[in-house]
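Student: UniProt numbering numbers the first residue of the sequence shown as 1 and each following residue consecutively. Pasting a structure here, questions to come.
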Amino acid sequence: MLWKNTLIGKIQSGDKYFEPSETMKEIEEAWINLISTFTMMELDDKCFSFTFENPKDMIWVMDSRPWLISGYLLVFTEWVPSIPPSKIEFKICPFWIQAHDVPYELMSNKMGLRIGRIGGEVLEVDFDERVRERKKYMRIRVMVDVSKRLATGCWLCISSPHDDDDDNNVVVLWVSFRYEELPKMCYRCGVIGHSKTYCGSNITPTLFENYIFFYQNGEKIPVEGQVLIDPTKRGYGPWLKEETLEKEEELYGEDDQDEIGIDATDDQSTDYQCRSPSTHV
């Protein structure tokens with residue numbers, strides 16, 4: 001069945017048109033290390049099908065997202081029979097998020113899971129607790145809904161008891177997000193797929209109700225319900241973009257027995273809680 005080895009992709013570029021031949025050229029250069037061949041066919045405006053001779057190539061393409069065409073995001077989804085291209089939703093794409101300014105003593109895979117959920121569904125935490133000193137940030141792979149504005153960070157609320165053993169002392173820290181391979185986006189509303197020039201939004205994207213609740217001696221710090229402001233007051237801009245690690249040249253090597261990081265499904269404990277970033281004031 002042909003559709004089992006086929007992906008549907010759409011370029012999120014607003015009104016910008018892409019010549020299929022130029023798109024194919026860019027993709028061939030990006031996918032030069034594929035095991036076998038693939039074919040591309042234009043289905044609709046900026047919407048293409050990609051059929052792979054080797055199914056491992058299709059898996060690699062999906063695992064190696066995001067893919068950019070001239071700086072714009074190419075969102076992929078698997079082909080579902082009987083659904084026309086105009087009815088397909090191109091909304092989600094995984095990104096590596098770097099969480100900066102997390103206190104050294106709180107860096108852990110559990111904390112990475114909780115912080116990452118501010119940005120979307122956590123897929124993986126790339127953090128080795130054995131070599132913590134080499135990490136200046138936490139690296140988290142998150143499935144992001146690109147139809148919504150990106151999270152720029154979150155507030156980390158931790159207890160800071162003093163000599164008087166007052167457990168109500170709270171330190172509130174801003175954890176800033178940086179996205180690897182961030183495509184072109186709107187710096188006004190924070191949504192991928194159009195520029196500030198074509199944005200009709202009037203939102204103020206610097207107010208968030210995003211929290212990570214840190215527990216001290218089994219009790220939650222009482223900060224829920226507050227609305228705090230991104231202290232950078234910068235909103236969206238090129239500072240959200242971080243240089244990415246090189247994509248792996250070896251596509252299908254043996255599994256590394258000492259692989260760093262954990263899968264998001266490995267830890268579902270509830271030592272921490274977080275609030276969805278969907279609420280913006």
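Virtual Cβ for every residue (Gly too), placed ideally from N, Cα, C.
For the alpha helix (DSSP H) that contains residue 116, what are its first and last residues?
Tutor: 109-116
Student: According to DSSP, simplified to helix, strand and coil, what is residue 79?
Tutor: coil
Student: Give me the DSSP bridge partner(s) of residue 173.
Tutor: DSSP output for residue 173 lists 156 as bridge partner(s).
Student: Got a sec? Which residues, its chain only, sit under 6 Å from residue 191 by beta carbon, not counting five neighbours each side?
Tutor: Cβ within range, chain order: 149.
Student: Of the choices 103, 104, 141, 105, whose alpha-carbon is the least far from that of residue 120?
Tutor: 141
Student: Any contact of the region 8-21 with the region 60-78, i.e. 3+ C-beta pairs under 8 Å?
Tutor: yes
Student: Do residue 20 and residue 48 count as a contact pair if the criterion is CB distance below 9 Å?
Tutor: yes
Student: Evaluate residue 57 with the Cβ neighbour count: other Cβ atoms within 10 Å of its Cβ, from every protein chain shown; 16 or more gives buried, anything less gives exposed.
Tutor: Buried is the call here.
Student: Distance check for residue 8 and residue 77, CA to CA, integer angstroms please.
Tutor: 5 Å
Student: Could you tell me the distance, in whole angstroms, from the CA atom of residue 145 to the CA atom of residue 93?
Tutor: Spanning the two alpha carbons is a distance of roughly 7 Å.
Student: Measure from the alpha carbon of residue 103 to the alpha carbon of each residue in 236, 175, 25, then state which is nearest.
Tutor: 175
Student: Just list the residues that DSSP pairs residue 63 with in beta bridges.
Tutor: Paired residues: none, contrary to the question.
Student: Would you check if there are 3 or more beta carbon pairs closer than 8 Å linking the region 29-38 to the region 83-90?
Tutor: no
Student: With distances taken between CB atoms, is the gap from residue 173 to residue 101 smaller than 9 Å?
Tutor: In contact: residue 173 and residue 101 (Cβ atoms closer than 9 Å).
Student: Measuring straight from C-alpha to C-alpha, what distance separates residue 194 and residue 169?
Tutor: 43 Å
Student: Mapping DSSP to helix, strand and coil, what is residue 96?
Tutor: Assigned with DSSP and collapsed to three states, residue 96 falls in strand.
Student: Keeping to the same chain, check which residues put their C-beta closer than 7 Å to that of residue 6; ignore five residues upstream and five downstream.
Tutor: 49, 50, 51, 79
Student: Report back the beta-carbon spacing between residue 115 and residue 154 to the nearest angstrom; my notes put them in contact at under 8 Å.
Tutor: 6 Å
Student: Which same chain residues, not among the five before or five after residue 24, have their C-beta less than 6 Å away from its C-beta?
Tutor: Counting only Cβ-Cβ distances below 6 Å, and skipping sequence neighbours, we find 40.
Student: Taking the straight line between their C-alpha atoms, what separation do you get for residue 239 and residue 178?
Tutor: 7 Å
Student: If you compare alpha carbons, which of 36, 45, 55 is closest to residue 3?
Tutor: Comparing Cα-Cα distances from residue 3 to each of 36, 45, 55, the minimum goes to 55.
Student: What does the alpha-carbon distance come out to for the pair residue 45 and residue 124?
Tutor: 33 Å
Student: Can you tell which of 136, 10, 152, 83 has its C-alpha closest to the C-alpha of residue 68?
Tutor: 10
Student: DSSP state of residue 188, grouped into three classes?
Tutor: coil
Student: Within the same chain, show all residues whose beta-carbon is closer than 6 Å to that of residue 127, passing over the 5 residues directly before and after it, in chain order.
Tutor: Within the same chain, residue 127 has close Cβ partners 109, 112, 138.
Student: Per DSSP, what are the beta-bridge partners of residue 127 in this structure?
Tutor: Residue 127 is not bridged to any residue.
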